[in-house]
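In mature numbering (1 follows the signal peptide of the UniProt record, and there is no 0), the protein residues as written are -31 to -1, 1 to 658.
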């Protein structure tokens, strides 16, 4: 039975303007074009919907904003935790050092259908099955100004990786972080975090250096400890009134506990991942509404995880008349190089007509011999061009059309178009309708994976010697036939900015039709001494229809006081699978990959001078990251509380806070009986010197 029906949900949304009128709220006529600048000045401006600066009511979709005050009040140690504050998102933990973040389901242990950017730099991992390596984002949480989350497909603006949504982390301008700031945090679970930020102004150049180290023990009973270190440099040179140059560089290194006690081929050990990047961005604004920018970044990521094991093999397993001891080498080391160049132009074609156009190229080179069965680099090159046109037809109607065309060396050419119309009932209320087609190109591993484990040394047997490098077992084979996933999205939305009440309301109903989804399938292997019945390959065998309703309501009378309610109703329908089909398609049960119902209430209250209490309460329905009913986690609740005190200026500039996370834990967020996340209490002290 559907969660929502178009015949019932649409009238419900249509009643909202009538209800607002009934309670006596003023509904002034929409401002004309001459007052649009004032309109932009009164309301938050978002950049992530179309690359044009827009108020949320002008965007072609729903945009959630997590600002600096909300980030601080949440008590979050890690960036992925903040997405619990956005409607439609699922946040879990595979282990204590492997976060999972998905939007509208279709996720397994490696969610990969949402794009994440930091100041326009994509941190979507281009190589294996995971979309975002959350430990390697390379930004300290205290340096974030806000996070803009476009809830819905947005390939027309950002390309194939923005399949279900896009989040853009926008860091603080260096000129706004002058001085020195230190932070220390410690508490349960071995939490021991320290951070230092130094900002300076040198003539026309503002710069910020941030260093941080975070450590914790992970989940009880698992080898999933984590130590993450980072250093970032962010500088901005204002050459003149029209030109500025921004430079960013960063390094992040994570040491992670991994493996399982007693596991024959996945023993307890540690692994390391390091990421470094450099970005340069030139921005030229010749006149209001006229901008030209060019950006380039280079990024490298390396992983170290290798070990040797002596594996006992019975005659039944090998088919030989004797038992064996096989020396195997497990080498998951990798090195990835990415280069990305993009040029963008924003122009005002007429008083009511704006456009943004651009083009770019990206090249990824991946070296991972174990995963691709070659010492050569696997290369993927993507060229793209995009454009968006925004037309204010009259004071009430705004139309937005855009598209991106991409040429990918793995799958060829794709086109992602979008069209939307916004009808401003009044200056404070807007209806929105949009339709778009998006796609997701396969990552290199989904098309070219070839994992074959071989002997690390010669093996003497009664019938001869197996030389070093003899294939023993294959776990993944190449899938050259895999093509891009595609999704068509229809959305009807309503937004109200109730400024007299310091409140806002955003509601949307949607239908997302995903086709040609890339799924992991199983077959009998044909390579190696030990033939497997669960050799993996990828195929475009999946499909899903996602229907739902999202509501985001906020009351915010002050910067430090607010109450926010998010609610999501979601239903995912997939094809019926026979027992035979289900056995060969373990990821085919898409309907379980998101909870039917989820609700978050997040509030902050400045109850006395320099004191703030914040509380977040989450209700999450049952779901399965594994995409099958056997690994369904039950419905759970999460309660987070934070009490903060800003120190008196006469004593020091800073804040002392205590955070209690998951008070009503422990909870299972990934798979029943594993990854049990318990309660934690930690304190933090930050000082500005």
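Heads up, the beta-carbon is just placed ideally off N, CA and C, and yes, glycines get one too.
Inset, instruction - Identify, in the order they occur along the chain, each residue of the same chain with its Cβ nearer than 6 Å to the Cβ of residue 580, setting aside the five sequence neighbours on each side. - result: Taking the chain shown and counting its residues from 1, one reaches residue 580 at position 611. Exclusion of the five residues before and after residue 580 leaves 614 as the residues of its chain whose Cβ lies within less than 6 Å of its Cβ.
Inset, instruction - Given a cut-off of 9 Å, decide if residue 403 and residue 382 are closer than it, judged by their beta-carbon atoms. - result: Translated into the one-based positions of the chain shown, residue 382 becomes position 413. Translated into the one-based positions of the chain shown, residue 403 becomes position 434. For the pair residue 382 and residue 403, the CB atoms are not nearer than the 9 Å cut-off.
Inset, instruction - With a 10 Å radius around its C-beta and 16 neighbouring C-beta atoms as the bar for buried, classify residue 77 as buried or exposed. - result: As a position in the chain shown, residue 77 is number 108, starting the count at 1. The residue in question, residue 77, is buried, as its Cβ has 16 or more Cβ neighbours within 10 Å.
Inset, instruction - Kindly provide the ranges of any beta strand (DSSP E) runs that are 3 or more residues long and lie completely inside the segment 604 to 640, ordered along the chain. - result: 605 to 615, 622 to 630, 636 to 640, all fully within the segment 604 to 640.
Legend entry - Candidates 184, 123, 204, 46, of which the one nearest residue 458 by Cα: Position 489 of the chain shown, counting from 1, holds the residue named residue 458. If we check each option's Cα against that of residue 458, 123 comes out closest.
Inset, instruction - Look up residue 263 in the DSSP assignment and give the residues it is bridged to. - result: One-based indexing of the chain shown puts residue 263 at position 294. Partner residues in the beta bridge of residue 263, as assigned by DSSP, are 251, 312.
Legend entry - Short Cβ contact (9 Å threshold) for residue 88 with residue 177: As a working note, residue 88 is residue 119 in the chain shown. As a working note, residue 177 is residue 208 in the chain shown. Not in contact: residue 88 and residue 177 (Cβ atoms no closer than 9 Å).
Legend entry - Rounded C-alpha distance that separates residue 642 from residue 501: As a position in the chain shown, residue 642 is number 673, starting the count at 1. As a position in the chain shown, residue 501 is number 532, starting the count at 1. Looking at the backbone, the Cα of residue 642 and that of residue 501 are separated by about 27 Å.
Legend entry - Rounded Cβ spacing between residue 114 and residue 37 (contact assumed at less than 8 Å): As a working mapping, residue 114 is identified with position 145 in the chain shown. As a working mapping, residue 37 is identified with position 68 in the chain shown. The Cβ separation is near 6 Å, so the contact holds.
Inset, instruction - Give me the Cα-Cα distance between residue 368 and residue 389, rounded to the nearest whole angstrom. - result: The count along the chain shown starts at 1 and reaches residue 368 at position 399. The count along the chain shown starts at 1 and reaches residue 389 at position 420. Approximately 6 Å, taken between the alpha carbons.
Inset, instruction - Count the CB pairs spanning the segment 358 to 367 and the segment 390 to 400 that are closer than 8 Å, and state whether there are at least three. - result: Inter-segment contact for the segment 358 to 367 and the segment 390 to 400 is present: three or more beta-carbon pairs are separated by less than 8 Å.
Inset, instruction - May I have the straight-line CA-CA distance separating residue 455 from residue 273, to the nearest angstrom? - result: By one-based count along the chain shown, residue 455 stands at place 486. By one-based count along the chain shown, residue 273 stands at place 304. C-alpha separation (whole angstroms): 34 Å.
Inset, instruction - Indicate the three-state DSSP secondary structure (helix, strand or coil) for residue 122 in the structure shown. - result: Within the chain shown, residue 122 is the residue found at index 153, counting from 1. In this structure, residue 122 counts as coil in the three-state DSSP scheme.
Legend entry - Helix, strand or coil at residue 660 [DSSP, three-state]: Past the edges of the chain, shown from -31 to 658, lies residue 660, and the structure says nothing about it.
Inset, instruction - Measure the beta-carbon distance from residue 74 to residue 559 and round it to whole angstroms, keeping in mind my assumption that it falls under 8 Å. - result: Counted from its first residue, the chain shown places residue 74 at position 105. Counted from its first residue, the chain shown places residue 559 at position 590. With a Cβ gap of about 7 Å, residue 74 and residue 559 count as contacting.
Inset, instruction - Report the three-state DSSP secondary structure of residue 144 (helix, strand or coil). - result: Your numbering for residue 144 matches position 175 in the chain shown. Of the three classes helix, strand and coil, the one that applies to residue 144 here is helix, per DSSP.
Inset, instruction - Compare the C-alpha of residue 380 against each of 359, 358, 412 and name the closest. - result: Locating residue 380 in the chain shown gives position 411, counting from the first residue. For residue 380, the nearest C-alpha among the options comes from 412.
Inset, instruction - Would you give the residue range spanned by the beta strand (DSSP E) that residue 576 belongs to? - result: Stepping through the chain shown from its first residue, residue 576 is reached at position 607. Residues 566 to 577.
Legend entry - residue 244 vs residue 269 beta-carbon contact at 9 Å: The residue labelled residue 244 in the question sits at position 275 within the chain shown. The residue labelled residue 269 in the question sits at position 300 within the chain shown. Yes, the Cβ-Cβ distance between residue 244 and residue 269 is below 9 Å.
Inset, instruction - Taking 9 Å as the cut-off, decide whether the C-beta atoms of residue 461 and residue 522 are in contact. - result: As a working note, residue 461 is residue 492 in the chain shown. As a working note, residue 522 is residue 553 in the chain shown. Their beta carbons are not under 9 Å apart, which means residue 461 does not touch residue 522 by this criterion.
Inset, instruction - Name the two residues that bound the continuous alpha helix (DSSP H) containing residue 43. - result: As a position in the chain shown, residue 43 is number 74, starting the count at 1. That run of the alpha helix (DSSP H) goes 37 to 43.
Inset, instruction - Would you please state the rounded distance, in angstroms, between the beta carbons of residue 280 and residue 342? I believe it to be under 8 Å. - result: On the chain shown, position 311 is the one that residue 280 refers to. On the chain shown, position 373 is the one that residue 342 refers to. Contact doesn't hold; Cβ gap of about 19 Å is too wide.
Inset, instruction - Mind reading off the beta-carbon distance from residue 698 to residue 48? Whole number of angstroms is fine, and I expect it under 8 Å. - result: Because residue 698 is not part of the residues shown, which for the chain are -31 to 658, the question remains open.
Inset, instruction - Quick one: grab the DSSP three-state call for residue 561. - result: To locate residue 561, count along the chain shown from 1; it is residue 592. The three-state secondary structure of residue 561, taken from DSSP, is helix.
Inset, instruction - Taking the CB atoms as reference points, tell me whether residue 498 and residue 541 lie closer together than 9 Å. - result: As a first step, residue 498 must be located in the chain shown, where it is residue number 529. As a first step, residue 541 must be located in the chain shown, where it is residue number 572. No, these two residues do not count as a Cβ contact at 9 Å.
Inset, instruction - Identify whether residue 73 lies in helix, strand or coil by the three-state DSSP scheme. - result: On the chain shown, position 104 is the one that residue 73 refers to. Coil at residue 73, not helix or strand.
Legend entry - Cβ contact check for the segment 309 to 325 and the segment 16 to 29: 3 or more pairs under 8 Å: With a cut-off of 8 Å, the segment 16 to 29 and the segment 309 to 325 count as touching, because enough Cβ pairs lie within range.
Legend entry - Coil, strand or helix - residue 440 by DSSP: Here residue 440 refers to the residue found at position 471 of the chain shown. Here DSSP, grouped into helix, strand and coil, assigns residue 440 to strand.
Legend entry - Assigned secondary structure, residue 107 (DSSP; H/G/I helix, E/B strand, else coil): Taking the chain shown and counting its residues from 1, the one referred to as residue 107 is at position 138. In this structure, residue 107 counts as coil in the three-state DSSP scheme.
Inset, instruction - Using three-state DSSP, classify residue 353 as helix, strand or coil. - result: Start at 1 with the first residue of the chain shown, and residue 353 comes out as number 384. When secondary structure is reduced to three states using DSSP, residue 353 falls in the strand class.
Legend entry - Beta-carbon proximity check, residue 564 vs residue 590, cutoff 9 Å: Here residue 564 refers to the residue found at position 595 when the chain shown is read from its first residue. Here residue 590 refers to the residue found at position 621 when the chain shown is read from its first residue. Yes, these two residues count as a Cβ contact at 9 Å.
Inset, instruction - Can you say whether residue 170 is buried or exposed, counting buried as having 16 or more other CB atoms within 10 angstroms of its CB? - result: Position 201 of the chain shown, counting from 1, holds the residue named residue 170. With fewer than 16 neighbouring CB atoms inside 10 Å of its own CB, residue 170 falls in the exposed class.
Inset, instruction - Have a look at 519, 418, 526 and flag the residue whose alpha-carbon is nearest the alpha-carbon of residue 534. - result: In the chain shown, counting from the first residue as 1, residue 534 sits at position 565. Ranking the options by Cα distance to residue 534, first place goes to 519.
Inset, instruction - State whether the segment 183 to 200 contacts the segment 154 to 162, with contact taken as three or more CB pairs (one from each stretch) at a distance under 8 Å. - result: Taking 8 Å as the limit for Cβ pairs, the verdict is that the segment 154 to 162 does touch the segment 183 to 200.
Legend entry - Under the three-state DSSP convention, the category residue 661 falls into: Residue 661 lies beyond the stretch modelled for the chain, which goes from -31 to 658, so this question has no answer here.
Inset, instruction - Give the C-beta separation of residue 611 and residue 583 to the nearest angstrom, bearing in mind that I take them to be a contact with Cβ-Cβ under 8 Å. - result: Along the chain shown, read from residue 1 onward, the residue named residue 611 stands at position 642. Along the chain shown, read from residue 1 onward, the residue named residue 583 stands at position 614. About 5 Å; that satisfies the 8 Å criterion.
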